[in-house]
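Single-structure report; data block below.
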Amino acid sequence: MKIAFVVQRYGLEINGGAELHCRWIAEHMCKYWEVEVLTTQALDYITWRNHYSRSEDSLNGVLIKRFPVSKSRDPERFGKLQNRILDNEHTFEDELKWLEEEGPYSPLLIQYIQENQKDYDYLFFFSYRYYHSYWGIQAVPQKSILVPTAENDDIIRLHLFKELFRKPRGFVYNSEEERQMIQELAHNGDVPGEVVGVGTEIPDQFAADGFHEKYGIEGEYLVYIGRIDQNKGCDELFQFFLQYKRETGAEIKLLLIGSSILKIPVHPDLIYLGFLNEEEKFAALQGALLLCMPSFFESLSMVALEAWALGRPVLANARCDVLKGQCDRSQAGLYYSDYSQFKQALELLLADSELRERMGQNGRQYFQQRYTWSVIEQKYLALVRQLNKES
Amino acid sequence: MTDNRDNKNKAEMDIRIDYDNVDVKDIMSQIQDRIAAQAEAPSEKENKKEEPVRSLSMPELPDPQPTRVPISKSKRILLKLMRPFTPLIKLLILPVQHEFMESVYRLDFTNKRLDHLNQKMEQVLESLSGELYRSTDHLSTKIDEYNDALNLRLDLAFHDLGKAMEYTKLLHSLSHNLVVEMSKLKIEEEDMKIKARILEKDFEFLNNRERALEKQVFK
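Structure (C-alpha cells):
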C-alpha cells in the first residue's frame with residue numbers, strides 16, 4: 001500500500017506542531033506502508049520562502065518530494081487581510097484570496113497530486129488551514145484523509161472550511177474536543193474519523209541531577225516547555241506566578257524552556273534556559289514538581305503527554321477546551337481560568353505531594369493506554385482498513 | 392521542608408480528596424466553592440465593621456433632679472413671666488434631648504454613609520462613562536468609516552449620474568441637429584427637383600426651337 005503524507009513543511013529543522021507530528025507519524029508508519037512525503041521547499045512558516053533546493057530527498061527512511069512555493073507570504077499584507085476577513089462581512093472569494101495569502105502557495109504541489117493520484121492509495125493531509133490541504137483535498141477527495149490539527153479560534157469558522165470538512169474520506173483527530181468542535185461546525189458526523197493524536201518518545205537515558213548541576217538549579221520548581229509567546233498564554237502565566245509568589249512567599253521557581261518571542265520579566269525565580277535538547281528537556285521535566293500549560297489554543301499538547309509519560313501532573317489553562325478535557329479524562333492535572341483558581345490549584349498541588357504522586361500515576365497510565373507508538377500505529381492501520389472495507 | 396509545608400497547608404486547604412480514585416472535576420468544584428466562600432467573607436467583615444456605628448452609644452446625660460430651695464419674690468415673678476416658655480425649657484432639659492441627640496447622630500451617620508455611597512457611585516459612574524465613552528468613540532469611528540465609504544460610493548454614483556445626464560443632453564441636441572439637417576436636406580431635395588423640372592422644360596423648349604430652326608434652315 002502506498003501512502004502520501006502532505007504537509008506544509010518537512011525537515012529535521014522543523015520541530016514543532018503539525019509538521020513534527022507528521023514527521024513522526026510518517027517515520028513510524030513506513031514500517032507498514034510505502035510512505036512518501038509531499039511538501040514544499042519552505043522552512044520558515046512566516047514567509048514560506050523556498051529554502052530546500054533539492055526536489056527529492058530522503059530522511060530517516062522516508063522519501064520526500066518537495067515543490068517550490070510560487071509566491072512567498074507578505075506578513076503585513078496577510079495580517080491586514082486576515083483582520084479584514086475576521087472583522088467584516090466578506091464573500092467566499094475573499095476567503096479564497098485569504099487562503100492564497102495564507103499559503104504556502106504551491107500550485108505545482110496540487111498539480112502533482114492531481115496528476116499522480118493513481119499512484120497512491122491514500123493521502124494524509126496535515127493542518128486544515130493551509131493552501132495545500134484545501135486544494136489537495138479538492139483534487140482527490142476520495143483518497144484524502146485529513147489530520148486537521150485544529151484549534152478553537154476564529155479561522156475555523158470561515159465558510160471555506162465548513163465545506164472542506166465534508167469532503168475527505170476520513171479524519172484523524174487529535175482529541176475528543178477537536179472532533180466535537182469540527183462536527184458541530186460542519187455537521188460531518190457521517191465522515192469516518194478516529195481520535196488518535198500522536199505518540200512521543202522518551203529517551204532511554206537522561207540524568208536529572210546532571211541537568212540541575214549544569215544549570216545551577218536548586219530547590220523545587222515548576223516548568224513550562226514550549227514557545228514563549230503571548231499566544232501561548234505565557235504573559236498571563238508570568239503575571240499569575242509572580243503574584244502567587246508575592247502573596248504566599250512560596251519558595252518555588254518557574255523554569256522556562258523554549259525559544260522566546262516575548263519579553264520575560266526579570267525575577268530571580270523566573271529562570272529562562274532557552275532551547276534545550278531532548279535529553280535535557282526530559283531531565284528538566286523529570287525534576288519538576290509539575291508542568292504549567294498556559295496555552296489558550298491547543299489541538300493536542302505533546303508536552304503535556306510527555307509530562308504524563310514521566311508521571312508529572314499538569315496545571316493547565318481551563319480556557320483551552322482540549323487541555324481541560326485531557327485533564328478531566330486523565331485525572332492527572334488541575335486547571336485554572338483566573339488568578340484565584342490558579343492560586344488555589346497551585347497551592348493544592350504544591351502542598352499535597354500524595355496528590356501529585358497519584359496524578360502522576362494516572363497520567364502515566366493515560367499515556368500508556370492512548371499515546372504509546374504501538375497504540376497510535378494500530379489506530380492508523382485500523383482507520384485505513386475501515387476505509388478499504390467501505391470502498 | 393516539603394513535609395512541613397504539606398502538613399501546614401493541607402490543614403489550611405481543607406479539600407477532600409479520594410487518593411485511590413482522584414476526581415479532577417470534584418477537586419475543581421471544591422476549589423471553586425472555596426473561592427466563592429472567600430469572596431463572601433470580606434463582605435461579612437464589612438458588615439461587622441458597620442455594627443458599632445449602628446449601636447452608637449450616646450453620652451449619658453444626668454437626669455434632672457427636682458430641687459427644693461427657697462424661692463425669692465423676684466425669682467417668683469421671673470418664673471411667672473417665663474411660664475409661656477415652660478414647654479420649650481422642659482424640652483431642652485428633659486431626656487427628650489437625649490433622643491434628639493441620638494437622632495442627630497443617626498442622621499449624621501446616615502449622611503456619612505450616603506456620602507460614601509455617593510462617592511462609590513460616582514466612581515462606578517466614572518468608570519462606566521469611560522467605558523461608554525470608549526465604546527461610543529469606537530462606534531462613532533466605525534460610523535464615520537462607514538459614512539466615508541458611503542459618501543465615496545454616493546459621490547461615484549452621482550459622478551456617473553452626471554455623466555449619464557450630459558450624454559443624454561448631447562444625444563438630445565444631436566437628434567435635434569439631425570432633424571434640422573434632415574429638414575434642410577428635404578428642402579434642398581425639393582428645390583433640386585423643381586430646378587430639374589425647370590431645366591427639363593428649358594431643354595424641351597430648346598429642342599422645339601432647334602427643330603423649328605432646322606426646318607427654317609432646310610426649307
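As given, the protein sequences belong to chains U and Y, one line each in that order. When you line the first sequence up against the working numbering, it's residues 1 to 391, in that order. When you line the second sequence up against the working numbering, it's residues 392 to 610, in that order. Think of the CB as a built atom: it goes at the ideal place given N, C-alpha and C, for glycine as much as any other residue.
Short CB-CB distance (under 7 Å) between residue i and chain Y
| i | result |
| --- | --- |
| residue 337/U | no |
| residue 95/U | no |
| residue 169/U | no |
| residue 22/U | no |
| residue 358/U | yes |
| residue 328/U | yes |
| residue 340/U | yes |
| residue 365/U | no |
| residue 331/U | yes |
| residue 236/U | no |
| residue 81/U | no |
| residue 310/U | no |
| residue 354/U | yes |
| residue 368/U | no |
| residue 476/U | Outside the shown range of chain U, which is 1 to 391, sits residue 476/U, and nothing can be said about it. |
Residue range of the alpha helix (DSSP H) that includes residue i
| i | result |
| --- | --- |
| residue 65/U | First-last for residue 65/U: 62-67, but that is the beta strand (DSSP E), not the alpha helix (DSSP H). |
| residue 330/U | 321-330 |
| residue 316/U | Careful: residue 316/U lies outside any alpha helix (DSSP H), inside the beta strand (DSSP E) at 314-317. |
| residue 287/U | 278-287 |
| residue 131/U | 131-139 |
| residue 22/U | 17-29 |
| residue 189/U | Premise fails: residue 189/U is in no alpha helix (DSSP H) and is neither H nor E. |
Run of the beta strand (DSSP E) containing residue i, from where it starts to where it stops
| i | result |
| --- | --- |
| residue 414/Y | That residue, residue 414/Y, is in no beta strand (DSSP E); it is neither H nor E in DSSP. |
| residue 36/U | 34-40 |
| residue 271/U | 270-274 |
| residue 333/U | 333-336 |
| residue 150/U | Neither: residue 150/U is in no beta strand (DSSP E) and is coded neither H nor E. |
| residue 198/U | Residue 198/U -> no beta strand (DSSP E), and no H or E assigned at all. |
| residue 56/U | 56-59 |
| residue 1/U | First-last for residue 1/U: undefined, no H or E at that position. |
| residue 367/U | It is not in any beta strand (DSSP E) - residue 367/U instead sits in the alpha helix (DSSP H) that spans 353-370. |
| residue 173/U | 170-173 |
| residue 96/U | First-last for residue 96/U: 92-102, but that is the alpha helix (DSSP H), not the beta strand (DSSP E). |
| residue 290/U | 290-293 |
CB contact below 7 Å: residue i versus chain U
| i | result |
| --- | --- |
| residue 558/Y | no |
| residue 408/Y | yes |
| residue 534/Y | no |
| residue 577/Y | no |
| residue 515/Y | no |
| residue 571/Y | no |
| residue 495/Y | no |
| residue 455/Y | In this prediction, residue 455/Y scores a pLDDT of 42, lower than 50, which makes its location untrustworthy; the coordinate-derived value is nonetheless stated afterwards. Not an interface residue. |
| residue 444/Y | Here the model assigns residue 444/Y a pLDDT of 39, short of 50, so the residue's position is not dependable, and the following value carries that caveat. No, its Cβ sits nowhere closer than 7 Å to a Cβ of chain U. |
Reference residue i, options the options, closest by Cα
| i | options | result |
| --- | --- | --- |
| residue 42/U | 132/U, 313/U, 30/U | 132/U |
| residue 2/U | 47/U, 143/U, 102/U, 51/U | 143/U |
| residue 329/U | 366/U, 299/U, 37/U, 265/U | 366/U |
| residue 266/U | 250/U, 241/U, 187/U | 241/U |
| residue 269/U | 245/U, 161/U, 259/U, 291/U | 245/U |
| residue 385/U | 138/U, 251/U, 170/U | 170/U |
| residue 222/U | 335/U, 288/U, 276/U, 183/U | 288/U |
| residue 161/U | 172/U, 146/U, 174/U | 146/U |
| residue 39/U | 61/U, 32/U, 69/U, 13/U | 69/U |
| residue 99/U | 191/U, 121/U, 164/U, 192/U | 164/U |
| residue 356/U | 332/U, 338/U, 344/U, 370/U | 332/U |
| residue 237/U | 207/U, 340/U, 140/U | 340/U |
| residue 278/U | 198/U, 206/U, 79/U | 206/U |
| residue 358/U | 415/Y, 406/Y, 517/Y | 415/Y |
Any chain C beta carbon closer than 7 Å to residue i
| i | result |
| --- | --- |
| residue 416/Y | Considering every chain present, this structure includes no chain C. Its protein chains are U and Y. |
Next on the checklist: For a minimum of 4 consecutive residues, which ranges assigned as the alpha helix (DSSP H) are wholly contained in the segment 206-256 of chain U?
Outcome noted: The qualifying runs are 208-215, 234-248.
Checklist entry - Should the segment 342-350 of chain U be regarded as contacting the segment 300-317 of chain U, the criterion being three or more beta carbon pairs within less than 8 Å? => result Three or more Cβ pairs closer than 8 Å define a contact, and the segment 342-350 of chain U meets that threshold against the segment 300-317 of chain U.
Item to check | Cβ contact check for the segment 44-56 of chain U and the segment 20-29 of chain U: 3 or more pairs under 8 Å | outcome: The segment 44-56 of chain U vs the segment 20-29 of chain U: no contact.
Next on the checklist: Counting beta carbon pairs with one atom in the segment 195-213 of chain U and one in the segment 281-301 of chain U, are three or more of them shorter than 8 Å?
Outcome noted: Output reads yes: the segment 195-213 of chain U touches the segment 281-301 of chain U.
Checklist entry - Counting pairs of beta carbons, one from the segment 65-84 of chain U and one from the segment 99-118 of chain U, are three or more of them closer than 8 Å? => result Judged by pairs of C-beta atoms under 8 Å, the segment 65-84 of chain U touches the segment 99-118 of chain U, as three or more such pairs exist.
Next on the checklist: Which complete alpha helix (DSSP H) runs does the segment 558-608 of chain Y hold, if anything under 4 residues is left out?
Outcome noted: Listed in chain order, the alpha helix (DSSP H) runs fully inside the segment 558-608 of chain Y amount to none, counting runs of at least 4 residues.
Next on the checklist: With a threshold of 8 Å, are at least 3 pairs of Cβ atoms found where one atom belongs to the segment 251-263 of chain U and the other to the segment 176-184 of chain U?
Outcome noted: Taking 8 Å as the limit for Cβ pairs, the verdict is that the segment 176-184 of chain U does not touch the segment 251-263 of chain U.
Next on the checklist: For the segment 115-124 of chain U against the segment 85-95 of chain U, do three or more pairs of beta-carbon atoms, one drawn from each stretch, fall closer than 8 Å, so that the two count as touching?
Outcome noted: As far as the Cβ criterion goes, the segment 115-124 of chain U does not touch the segment 85-95 of chain U, which means the pair count is below three.
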